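Visitor:
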Amino acid sequence: MPPHSHTSLLLPALLLAVISLPAAAVESLREQLQQCSQFSDNNKRLDCFDQITGNLHQHAEQQFGQEQKQVIDEAPESITATIASAAEGAFGKYIFTLDNGQVWQQVESGNRAIWRGGEQVALERGVFGSFFMRKVSGGRALRVKRIE
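Mature numbering (1 follows the signal peptide of the UniProt record, and there is no 0) puts the sequence shown at residues -25 to -1, 1 to 123.
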């Protein structure tokens, strides 16, 4: 295989690995890549890149199955926000824009409550990745999904 084809295979693997790493590890990886790029000898440079990808592969194996858990562990169980706007969309499902910029959509139609801008709401994490929104003033919870 020509030397440049190794590089073309290496780049996507490195990008994928970078996406799955925490910020501190990304900075360390960036430094390692810069060090490897300093080698003028193609074989030494390739060996250096191979060593980095081997380390990334080990890290990826250790993180297998933990990717979502890590993100969820860092996220709060609930948030409180104010509805900036609420519009009834297709099939009677509301679309909510919150004061924090998030946009949520009602998942199931059938809730006849009136939702208006200016109302305080609490969004809570449910099971199996679901979310519920309820008015802070009380009332039935609405199952929602984040669309922005």
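Ideal Cβ positions, reconstructed from N, Cα and C, are used throughout, including at glycine.
Computed from a prediction, not measured in an experiment: that's the story for all the values here.
For S105 and V78, what's the separation of their Cα atoms in angstroms?
Guide: Using only the alpha carbons, I get a separation of about 15 Å.
Visitor: For K120, tell me which candidate among G85, Q80, I89 and K110 has the shortest Cα-Cα distance.
Guide: Answer by Cα proximity: Q80.
Visitor: CA-CA distance, S3 and A50?
Guide: Whole-angstrom Cα-Cα distance: 25 Å.
Visitor: Helix, strand or coil: how does DSSP classify Q95 here?
Guide: Of the three classes helix, strand and coil, the one that applies to Q95 here is strand, per DSSP.
Visitor: Please report the distance separating the alpha-carbon of K68 from that of G93.
Guide: Their Cα atoms are separated by approximately 19 Å.
Visitor: May I have the straight-line CA-CA distance separating E52 from L21, to the nearest angstrom?
Guide: Rounded to whole angstroms, E52 to L21 spans 45 Å at the Cα level.
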